[in-house]
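These notes concern the structure reproduced below.
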């Protein structure tokens with residue numbers, strides 16, 4: 001891709017998806033903008049990149065970080081110099097996300113027993129980040145450490161990221177994975193066969209409420225009922241201190257056709273309405289712990305999250 | 318269809334589905350068996366009909382009732398006399414199911430406010446019974462009584478009975494219906510936009526635990542969390558006094574291809590396992606009331622359910 005508009009389209013159409021991955025892609029979109037239009041091009045392009053998808057805060061975070069880097073440059077800097085500086089920054093964002101995945105993987109793997117059966121939703125793996133993934137990074141790290149891990153993967157309607165991406169990633173890595181309909185998670189949790197639920201996040205509010213792929217909230221409610229630990233694995237770039245709580249997180253509503261017209265087949269009668277929110281919010285009280293690159297946060301309040309964020313290396317200053 | 322084997326196949330392949338409807342279809346399969354092989358043909362055919370699907374007890378109940386009628390006939394009865402008697406019995410089962418739907422509709426509609434927004438799962442409508450349906454019978458009756466009813470219909474993976482059948486039925490009847498992915502129910506219930514959840518049942522144990530389409534149990538858990546009434550609408554023929562509790566109800570596991578190969582498209586990578594149970598069990602404690610043709614049973618114990626069943630007109634003596 002040579003045009004930032006193409007990156008925005010790729011993010012909108014989910015050819016790039018996963019909160020950390022779209023942050024990284026958004027940063028590179030601004031490198032492309034710098035190459036074409038220098039500092040002015042970056043400033044002009046930034047709002048459209050930040051708004052390509054509304055829920056995952058990593059995108060806005062990455063754009064703000066790129067603009068912060070731009071602000072630090074002298075006004076006399078040439079187009080080439082701007083491009084080089086922003087490329088450096090985008091590469092740093094990418095490297096830091098890889099490192100965050102590695103650290104999240106280690107911190108999360110330490111929480112798991114051996115053997116261990118996990119349940120996950122959507123895809124929070126290598127296909128969603130610059131590294132090995134958040135939720136799946138934990139799986140890979142645990143397996144590398146010699147733990148025997150099995151995974152139930154919710155198929156994740158409407159776009160089937162669990163069936164298509166998570167199952168593909170895990171199977172390729174030799175991790176036993178069983179795909180279930182989203183609605184089967186209740187039975188599987190009730191059966192006692194799951195030791196922990198691990199999901200990623202698209203935005204975590206200051207109080208710990210976490211927005212993630214639609215269907216995460218019901219999983220958290222079911223895990224709580226069956227006393228199964230419910231972990232949210234996410235880099236610090238997913239925390240949004242400007243959202244006091246989950247109610248402040250904008251929830252993207254996507255095209256009804258994602259639900260009503262899978263694979264070109266109409267499955268909803270003509271004239272019937274369809275409601276297709278892409279995310280839901282899990283209240284902090286249902287989360288056993290947030291697994292971040294800098295630590296495992298248990299039962300936080302806003303103050304402890306704020307302190308944790310301040311200690312983190314990844315926030316733009 | 319002229320052959321009971323064809324009816325059994327139609328039940329297995331879900332061309333006839335819905336617990337009450339497969340009971341009625343099973344009864345007519347034995348009428349066909351009587352026409353071909355008389356009493357001996359009926360006795361030979363009955364076990365295969367009863368076993369066509371394992372979870373909905375209405376099928377076994379209807380077969381037992383037909384055999385009971387057969388037992389009451391003289392040994393000298395001709396093939397034609399057996400056929401006529403069994404046709405009478407099958408027609409009675411069908412008529413009684415129509416009547417049960419009507420009564421369930423009235424009892425359930427009386428519980429609803431005006432206006433009223435409902436959430437339902439799978440299809441418990443005219444396409445699942447001999448009458449207007451159980452859960453949807455309540456909707457039709459409420460609308461006929463002048464109540465303004467809106468319905469959220471879970472699409473109901475893997476076979477999409479909610480998107481395809483419930484949405485079709487309700488839209489055709491002029492009832493506003495919105496299809497959602499099964500995993501959206503949590504958000505919709507959390508939003509406060511749902512006044513009651515109403516589902517059907519495939520088998521209700523003596524203690525009130527109810528087996529219904531996979532995904533019903535998570536809905537009940539979510540409804541309980543958000544203090545939304547959760548109603549199970551089912552005729553007495555759905556109660557199975559021989560199952561003490563939900564653990565005794567056999568749960569049908571269906572072909573992985575239902576999940577992994579929708580519309581001929583592989584959505585699960587080759588070699589990945591799939592778990593596809595067709596039903597789950599909702600504990601009695603999560604059910605606000607069971608709406609039956611003979612009454613509304615609230616917070617029952619085994620004794621009150623037994624008393625209720627004894628008072629019913631539909632059990633074989």
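Residue numbers (my numbering), protein chains in the order written: chain A, 1 to 317; chain B, 318 to 634.
Quick reminder that beta carbons are idealized off the backbone N, C-alpha and C, glycines included.
For residue i, count neighbouring Cβ atoms within 10 angstroms of its own Cβ and tell me buried if that reaches 16, exposed if not.
| i | result |
| --- | --- |
| residue 434 (chain B) | buried |
| residue 536 (chain B) | buried |
| residue 68 (chain A) | exposed |
| residue 311 (chain A) | exposed |
| residue 297 (chain A) | buried |
| residue 626 (chain B) | buried |
| residue 329 (chain A) | Not covered by the structure: residue 329 (chain A). The range shown for chain A is 1 to 317. |
| residue 430 (chain B) | exposed |
| residue 265 (chain A) | exposed |
| residue 557 (chain B) | buried |
| residue 263 (chain A) | exposed |
| residue 471 (chain B) | buried |
| residue 137 (chain A) | buried |
| residue 169 (chain A) | buried |
| residue 412 (chain B) | exposed |
| residue 493 (chain B) | exposed |
| residue 617 (chain B) | buried |
| residue 51 (chain A) | exposed |
| residue 172 (chain A) | exposed |
| residue 304 (chain A) | exposed |
| residue 634 (chain B) | Low local confidence applies: a pLDDT of 30 at residue 634 (chain B) is under 50, so the model's placement there is unreliable, with the coordinate-based value given in what follows. So residue 634 (chain B) ends up on the exposed side. |
| residue 321 (chain B) | buried |
| residue 631 (chain B) | Low local confidence applies: a pLDDT of 43 at residue 631 (chain B) is under 50, so the model's placement there is unreliable, and no value is given. |
| residue 231 (chain A) | buried |
If distances are taken between C-alpha atoms only, which option among the options comes closest to residue i?
| i | options | result |
| --- | --- | --- |
| residue 79 (chain A) | A:36, A:283, A:305 | A:36 |
| residue 563 (chain B) | B:586, B:602, B:438 | B:602 |
| residue 420 (chain B) | B:623, B:615, B:608 | B:608 |
| residue 106 (chain A) | A:260, A:253, A:140 | A:140 |
| residue 574 (chain B) | A:180, A:92, A:125 | A:180 |
| residue 332 (chain B) | B:370, B:490, B:473 | B:370 |
| residue 501 (chain B) | B:556, B:565, B:540, B:524 | B:540 |
| residue 476 (chain B) | B:521, B:546, B:440 | B:440 |
| residue 288 (chain A) | A:195, A:249, A:255 | A:195 |
| residue 504 (chain B) | A:202, A:211, A:203 | A:211 |
| residue 39 (chain A) | A:306, A:127, A:87 | A:87 |
| residue 427 (chain B) | B:415, B:438, B:523, B:460 | B:460 |
| residue 233 (chain A) | A:6, A:11, A:72, A:20 | A:20 |
| residue 200 (chain A) | A:225, A:178, A:276, A:108 | A:108 |
| residue 157 (chain A) | A:26, A:214, A:255, A:209 | A:214 |
| residue 318 (chain A) | A:30, A:41, A:76 | Given that chain A is displayed from residue 1 to residue 317, the structure contains no residue 318 (chain A) and the question cannot be resolved. |
| residue 260 (chain A) | A:275, A:221, A:248 | A:275 |
| residue 89 (chain A) | A:225, A:174, A:66 | A:66 |
| residue 197 (chain A) | A:135, A:64, A:293, A:255 | A:135 |
| residue 381 (chain B) | B:554, B:481, B:610, B:612 | B:554 |
| residue 152 (chain A) | A:131, A:133, A:146, A:189 | A:189 |
My guess is that residue i and residue j are in contact by the Cβ rule of under 8 Å, so how many angstroms apart are they, rounded?
| i | j | result |
| --- | --- | --- |
| residue 399 (chain B) | residue 365 (chain B) | In fact, because the Cβ distance is near 18 Å, the residues do not count as touching under 8 Å. |
| residue 278 (chain A) | residue 585 (chain B) | That belief does not hold up - the Cβ atoms of residue 278 (chain A) and residue 585 (chain B) are roughly 22 Å apart, past 8 Å. |
| residue 57 (chain A) | residue 203 (chain A) | 4 Å |
| residue 235 (chain A) | residue 97 (chain A) | 6 Å |
| residue 561 (chain B) | residue 522 (chain B) | 6 Å |
| residue 438 (chain B) | residue 533 (chain B) | 6 Å |
| residue 410 (chain B) | residue 344 (chain B) | 5 Å |
| residue 273 (chain A) | residue 495 (chain B) | 5 Å |
| residue 42 (chain A) | residue 34 (chain A) | 5 Å |
Give me the DSSP bridge partner(s) of residue i.
| i | result |
| --- | --- |
| residue 596 (chain B) | B:530 |
| residue 292 (chain A) | A:295 |
| residue 253 (chain A) | A:277 |
| residue 520 (chain B) | B:528 |
| residue 154 (chain A) | A:180 |
| residue 149 (chain A) | A:116 |
| residue 198 (chain A) | A:231 |
Taking residue i as the query, report the chain C residues whose CB atoms sit under 7 Å from its CB, ordered along the chain.
| i | result |
| --- | --- |
| residue 259 (chain A) | Of the protein chains in this structure, namely A and B, none is chain C. |
At 4 residues or longer, and completely inside the stretch 205-243 of chain A: list those alpha helix (DSSP H) runs for me, N to C. Counting whole runs of 4 or more residues, the stretch 205-243 of chain A contains the alpha helix (DSSP H) stretches 216-225.
With a floor of 3 residues, list each beta strand (DSSP E) that falls wholly inside the stretch 94-138 of chain A, ordered by position along the chain. Runs of the beta strand (DSSP E) lying entirely within the stretch 94-138 of chain A, each at least 3 residues long, are 116-120 in chain order.
Could you tell me which uninterrupted alpha helix (DSSP H) segments, each at least 4 residues in length, are contained entirely in the stretch 69-96 of chain A, listed from first to last along the chain? You should have found no qualifying run.
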